[in-house]
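Residues 5 to 341 in the working numbering are what the sequence shown lists, from first letter to last. Built from N, CA and C at the ideal position, the CB exists for glycine as well.
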Amino acid sequence: MSQLLETPPAPLPAAICPAGPPRRSPAAARFVRPALVLLPLLLIGGWALTDRRAAAEGVARLASADPWWLSAAFGCTCLTWVAAACVRQGALPERLPPGLLVASQFAAGAANQVLPAGIGAHAVTLRFLQRQGVPLPRATASLALYALVKPVAKTLVLLAFLAAFPEVPRLGAPLPGDRALLTAAGAAAVALAAAVVALVTVRALRRPVLGFLRTALTDARALHTRPSRVLALWGGAAATPLLQGSVIATVGFSLGLPLSWAQVVLALLVAGAVAGAVPAPGGIGPVDAALVFTMAAFGAPVGTATATVIGYRVLTVWLPMLPGALVLSALLHRKAL
């Protein structure tokens, strides 16, 4: 009995601590970052190989163009990135560093060439905003506001041009017919109804979607009480199609395009309204064909209109492509993305 009392109690079993998240090994970390830095260059290079014929033809046509008009086109091209940065800043309450913001939009333009429907630009911008300390819900809400404001502003600019130039509707051919408008309206109604049904029936979607909408509406109301944000948001969105049309017009003037600036801008707006909904990398394809068609409807020779569009793509896609990829890699290397 005394031996039992003198026996010390057995030690308690050690508590099992839950395993933490696996840490990435230093070797893997050293490999991942250079891979991310080189990935934009590889993607841009692969995309360039698939369409090098169009670039070579465009460069050959631009070689005989008026250099002064091409310089003006280059200046308008640079202003498009500034306008995009203004819209991004206007869609967010937090103040962003202007230099890095413009650099991120320049890099986003390169990423946008390999992914359709603006996905590349949104992905780069989302990562940039998170690196600047913007919470994910607010950053996502700013992307949604950006995507909503741009087509609304573009439509308002189109309506303003149609009101200022009432002779354009007599062209008839480039504008969508009643059947096309009804089809687009029906597709939009079906998509909206499907989204509402999914939101009502799928409980797992309800909370994140409602939280996102709450954040987006709160930020939108707050932004529209600040005149500087309103000017940056709506002014930049309205200036973007005007600057893009100015690039096309100045490239066309360098090649002898017999159209006015207003006609070229209106041709771009109509072409975007007709074919802009088709997802294509960087908008290349249906919008270009519609743009050639609308400029020809205004009286431009088809060959000159085609050369203008090719030159526009060379100036806005091919020439900035490698510098944009290098800036994207540099931002990744600096951990700004």
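Residue environment, glycine 3, which counts as buried when at least 16 other CB atoms sit within 10 Å:
Residue 3 cannot be examined here, being either before or after the span of the chain that is shown, 5 to 341.
Considering only residues of the same chain and omitting the five flanking positions on each side of arginine 99, which have a CB-CB separation below 8 angstroms?
Gln93
Grouping DSSP H, G and I as helix and E and B as strand, with all else coil, what is phenylalanine 302?
coil
In whole angstroms, what is the alpha-carbon distance linking threonine 319 and alanine 87?
The sequence shown places leucine at residue 319, rather than the threonine named in the question. For leucine 319 and alanine 87, the distance between alpha carbons rounds to 17 angstroms.
Using a Cβ distance threshold of 8 angstroms, determine whether the segment 96-113 contacts the segment 127-145, with at least three qualifying pairs required.
yes
Given this structure, state the Cα-to-Cα distance separating alanine 242 from valine 269, to the nearest angstrom.
12 angstroms
Mind reading off the beta-carbon distance from cysteine 80 to threonine 254? Whole number of angstroms is fine, and I expect it under 8 angstroms.
6 angstroms
CB-CB under 8 angstroms to proline 324, same chain, minus the five flanking residues each way: which ones, in chain order?
Thr81, Phe110, Gly113 and Ala114
Give me the Cβ distance between leucine 227 and proline 97, rounded to the nearest whole Å; I'm assuming they're in contact under 8 angstroms.
6 angstroms
Between which two residues does the alpha helix (DSSP H) holding threonine 84 run?
71-94
Where serine 68 falls: helix, strand or coil (DSSP):
coil
With a threshold of 16 other CB atoms inside 10 Å of the CB of arginine 338, please say whether the residue is buried or exposed.
exposed
So the alpha helix (DSSP H) leucine 133 belongs to, where does it begin and stop?
123-135
Tell me the rounded alpha-carbon separation between proline 259 and phenylalanine 78.
Note that residue 259 corresponds to leucine in the displayed sequence, not to proline. So the two alpha carbons sit approximately 15 angstroms from each other.
Candidates Leu261, Leu330, Val331 and Ala340: which alpha carbon is nearest aspartate 70's?
Leu261
Please list the segments of the alpha helix (DSSP H) lying wholly inside the segment 237-278, counting only runs of 4 or more residues, in order along the chain.
240-258
Nonlocal neighbours in the same chain, by C-beta distance under 7 angstroms from leucine 335, ignoring five residues either side:
Ala107, Ser108, Ala111 and Leu341
By a C-beta neighbour count over all protein chains shown, 10 Å radius and 16 as the cutoff for buried, is serine 146 buried or exposed?
buried
Cα-Cα separation between valine 153 and glycine 240, rounded to whole angstroms
10 angstroms
Contact set for tryptophan 238: own chain, Cβ-Cβ below 7 angstroms, skip 5 residues either direction:
Val153 and Ala157
Can you look up alanine 340 in the DSSP assignment and give me helix, strand or coil?
coil
Go ahead and label proline 231 buried or exposed: buried means 16 or more other beta carbons lie within 10 angstroms of its beta carbon, across all protein chains shown.
exposed
What is the DSSP secondary structure of alanine 177, counted as helix, strand or coil?
In this predicted model, alanine 177 has a pLDDT of only 45, less than 50, meaning its place in the structure is not dependable; the value taken from the coordinates is given anyway. Residue state, collapsed to three classes: coil.
Locate the alpha helix (DSSP H) running through leucine 163, then write down its first and last residues.
140-168
Best match in Pro245, Ala148 and Leu295 for proximity to phenylalanine 165 [C-alpha to C-alpha]
Pro245
Measure the beta-carbon distance from glycine 3 to threonine 312 and round it to whole angstroms, keeping in mind my assumption that it falls under 8 angstroms.
There is no way to answer for residue 3, as the model of the chain reaches only from 5 to 341.
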